[in-house]
Amino acid sequence: MGVHYMNYRDIDINDYDSVVVGSGFAGSVVARELAERGDARVLIIEKRPHIGGNMYDEKDEAGILVHRYGPHIFHTNNQRVFNYLRQFSGWIGYQHHVLADWYGTYIPVPFNKNSMEMVFGEEKAAHLIDKLIDTFGDERKVTINELRAQDDPELAEIADFVYKNVFLYYTQKQWGLTPEEVDPSVTARVPVFISRDNRYFQDEYQGMPQDGYTVLFENLLDHPSIDVCLNTEAESVFDLEFTDESEDAQLVAIRLHEKPFEGPIIYTGPLDELFLARFGRLPYRSLNFVYETYDEEYHLPCGTVNHTVTDDYTRETEFKHLTCQKSDKTTCMKEYSCAYTDPDTQIPYYAILSEENNAHYARYRKLTESLDNFYPLGRLAEYRYYNMDKIVELALDLSDEILARMPDVIDDGDGDAIEAVREPNEA
């Protein structure tokens with residue numbers, strides 16, 4: 038059947054039991070679950086001209102499948118998440134490798150035993166590795182902060198090298214902040230891996246959708262009870278009702294086509310944009326991408342090379358490594374981080390986490406707390422950083438919660454219909 042697309046002007050909102058804003062993993066998984074398990078009619082409102090959110094991919098002019106919004110590599114230890122997604126796609130067993138370009142020498146990232154030998158030489162590296170194992174144990178990931186907390190100058194030397202040559206300049210480019218301004222949770226994600234495992238992720242389930250993410254989303258949204266309206270902004274079609282006219286008045290209803298919508302509304306977009314940035318815009322970092330096609334089979338030694346000490350872009354990705362395509366051409370993408378200043382031309386990718394920004398978000402979130410059918414979900418709606426698998430997990434959990442509240446009609450065996458409440462996880 039395929040995805041059923043509609044023009045928003047032509048819909049009758051009375052036909053729908055639930056409205057979902059956004060067709061990335063957060064919105065699409067909830068839409069599928071409510072339609073399939075809850076027999077609900079679901080309307081998806083998507084501001085972009087395509088489904089799939091930031092996972093959207095397509096073939097470029099050279100015939101190479103490229104990710105249009107940055108590389109996305111699926112990895113998880115959550116079996117429920119992996120089993121759920123593989124209903125909608127075959128998978129390529131891809132293991133992601135990242136190298137840092139250290140003044141022309143490629144060293145594995147995360148920084149590990151192999152990296153240490155390349156940087157410090159085999160003899161000194163052996164001594165440092167023994168000290169790391171004695172202190173933390175083998176096959177452990179240790180953060181820069183943990184290394185610096187040790188009263189040992191040699192462990193501090195490792196931490197200082199990683200900080201200056203893997204973390205510092207890369208982070209300044211990525212966030213546009215000094216290291217002191219970066220939230221500690223970001224620093225904590227830069228580990229030293231006491232291992233010879235050069236994979237970027239060590240999760241049990243790793244891979245790429247066999248035919249790409251767009252096909253996965255087409256299969257995910259291929260359901261007769263799901264309609265999708267592209268090129269439709271929620272802030273343009275939602276008529277918000279508040280308790281009063283004060284700036285901090287709480288939201289009490291959302292009207293669509295002049296009617297208050299009482300079913301579940303799952304919102305995955307930026308929360309400040311829904312309220313037309315009445316308290317000012319939430320700070321994000323955005324990205325610019327530059328694609329280059331080469332007349333060679335491969336251009337880079339692995340999927341992604343981080344530029345941690347040189348160049349003004351943060352990383353370069355070669356998609357053929359990720360997708361296992363065969364071609365005598367290849368396409369690479371350079372990634373430039375930039376300030377998010379114009380929502381009409383830019384995409385908010387990364388929330389800039391800080392106490393001040395979290396409080397700024399909380400003020401927006403408070404506006405929605407009295408509306409019990411409004412569910413913010415995902416990176417933008419929750420102003421948090423999530424990996425893809427966590428988003429799918431949260432979407433499945435939210436679906437369970439909503440389904441548990443939905444009335445269902447069952448037969449009591451005597452031919453009389455009675456209302457029941459569906460239990461969580463009941464298919």
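Heads up: the sequence shown at position 289 corresponds to 326 in this note's numbering, and the numbers run straight through without jumps.
Note that the Cβ used here is the ideal one computed from N, Cα and C, for glycine as well.
Scanning its chain for C-beta atoms nearer than 7 Å, with the 5 sequence neighbours on each side dropped, one finds around Pro261 the residues Met38, in chain order.
With at least 16 other beta carbons inside 10 angstroms of its own, Lys210 counts as buried.
Excluding sequence positions up to five before and after Asp264, its CB lies within less than 6 Å of the CB of His41, Met43, Leu80, all in the same chain and listed in chain order. In this structure Pro444 is exposed. Its beta-carbon is surrounded by fewer than 16 other beta-carbon atoms within 10 angstroms. The C-beta separation of Val274 from Ile88 comes to about 18 Å, leaving the pair out of contact by the 8 Å criterion. Within the DSSP bridge table, the entry for Tyr387 names Arg322 as partners. Secondary structure at Asp52: helix, using DSSP grouped into helix, strand and coil.
For Gln116, the enclosing alpha helix (DSSP H) starts and ends at 116-122. In the DSSP assignment, the residues bridged to Leu288 are Phe279.
For the 9 Å CB-CB criterion, Val342 and Met370 do not form a contact. For Ala432, the secondary structure class from DSSP, reduced to helix, strand or coil, is helix. Per DSSP, the unbroken beta strand (DSSP E) holding Phe111 starts and ends at 111-113. Our two residues, His133 and Ile48, have alpha carbons roughly 43 Å apart in a direct line. Using a C-beta cut-off of 8 Å, the segment 226-241 makes contact with the segment 122-142, since at least three inter-stretch Cβ pairs fall below that distance. Going by beta carbons, Arg292 and Asp281 fall outside the 9 Å limit. As summarised for the segment 197-253, the continuous beta strand (DSSP E) elements at least 3 residues long and confined to that stretch are 228-230, 242-246, given in chain order. Within the DSSP secondary-structure output, Asn343 pairs in a beta bridge with Ala137, Arg352. Exposed is the label assigned to Cys361, since fewer than 16 other Cβ atoms lie within 10 Å of its Cβ.
According to the DSSP assignment, Lys161 belongs to the alpha helix (DSSP H) that extends over 159-173. One Cα belongs to Ile101, the other to Met245, and the distance between them is close to 15 Å. For the pair Val56 and Gly107, the Cα-to-Cα distance works out to about 28 Å. Take the alpha-carbon of Ala314 and the one of Ile384: they are about 15 Å apart. Just so you know, the alpha carbons of Asp381 and Ala388 end up roughly 18 Å apart.
Judged by beta-carbon spacing, Lys150 lies within the 9 Å limit of Phe230, meaning their Cβ atoms are closer than that value. Taking the Cβ atoms as the reference, Ile170 lies roughly 12 Å from Met153, outside the contact range of under 8 Å. Burial is judged here by how many other beta carbons sit within 10 angstroms of a residue's own beta carbon; Tyr401 has at least 16 and is buried.
Between Lys366 and Ala99, the gap from beta carbon to beta carbon is short of 9 Å. A contact is defined here as three or more CB-CB pairs under 8 Å, and the segment 59-73 fails this definition with respect to the segment 319-334. Under a 10 Å Cβ-count criterion, Cys266 is classified as buried, with 16 or more other Cβ atoms of the shown protein chains found around its own Cβ. For Pro145, the pairing in a beta bridge is given by DSSP as Leu136. Asp54 and Ile110 have their alpha carbons spaced roughly 33 Å apart. Looking at the backbone, the Cα of Tyr412 and that of Ser65 are separated by about 14 Å. In the displayed model, His358 falls within a helix according to three-state DSSP.
Here the segment 197-206 lies against the segment 137-150, with 3 or more beta-carbon pairs under 8 Å apart.
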